[in-house]
Amino acid sequence: MYRAIYYLHSYWAYLVLLVVILATLNAITGVISKRSYGPRDFRISLFALICTHIQLLIGIVLFFISPKIVWFTEGVPVKEIMGDSVLRMYNVEHPLMMIIAVVLITIGYSKHKKKLSSAPKFKMLAIFYPLALIAILAMIPWAAWF
Ligand code: HEM
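Heads up, the sequence shown stops at 1109 in the working numbering, and the numbers go up one at a time, no gaps.
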């Protein structure tokens, strides 16, 4: 069970990264080129939202079954978790920042949907999606992943 969820989370991360990069570039080029917002732009931003939300759900399941998560292991004080960079990364930084990234994408998506014209739609996406991308890039455990 753990292995399956671990691999799912690990491989789904490629899709998340790809789609969030694509949606970010699409939003930025939309702002720069001042083109009109179309169904393709909507699909890209929605796909990024869906992929990150699925990764969030897989991540939450992994949080409760991964041996790297020691919050539920008896006798591991918070001081030890915070004092060890690897334990801190998996137990605190990675989950917290990834949740923030998903929240940023959700805010950007819902704000852009409420705007009625192209420029503000792209603007909302071009603010929130790159911030989410930065959080994701900063908190991927690159050494363990590759
Ligand atoms: C956009 C969201 C996320 C991305 C892109 C992402 C990506 C990754 C990647 C690439 C790894 C390393 C996998 C490997 O070693 O092959 C990982 C590990 C992990 N992630 Fe995430 N993650 C995300 C969200 C979350 C969330 C929200 C949680 C928990 C609430 C979470 C919990 C974990 C845990 C516990 C591990 C360590 C698994 C293990 O080695 O046992 N992740 N994540």
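Even for Gly, the Cβ is constructed at its ideal location relative to N, Cα and C. For clarity, every value in this text was computed on a predicted model and none was experimentally measured.
For the options 1066, 1088, 983, the alpha carbon positioned closest to that of residue 1075 is the one of 1088. Taking one beta carbon from each stretch, the stretch 978-985 and the stretch 1008-1019 have 3 or more pairs nearer than 8 Å; the two touch.
Every residue whose beta carbon comes nearer than 7 Å to a heavy atom of the ligand HEM appears here in chain order: 969, 972, 973, 976, 979, 980, 1015, 1018, 1019, 1022, 1023, 1025, 1026, 1029, 1030, 1031, 1032, 1053, 1057, 1058, 1061, 1062, 1064, 1065, 1099, 1103, 1104, 1107, 1108. The C-beta distance from residue 1024 to residue 968 rounds to 5 Å, short enough to fall under 8 Å.
Leaving aside the five residues that flank residue 975 on each side, the residues in its chain whose CB is nearer than 8 Å to its CB run, in chain order, 1014, 1017, 1018, 1021. Counting the other Cβ atoms within 10 Å of the Cβ of residue 1065 gives 16 or more, which makes it buried.
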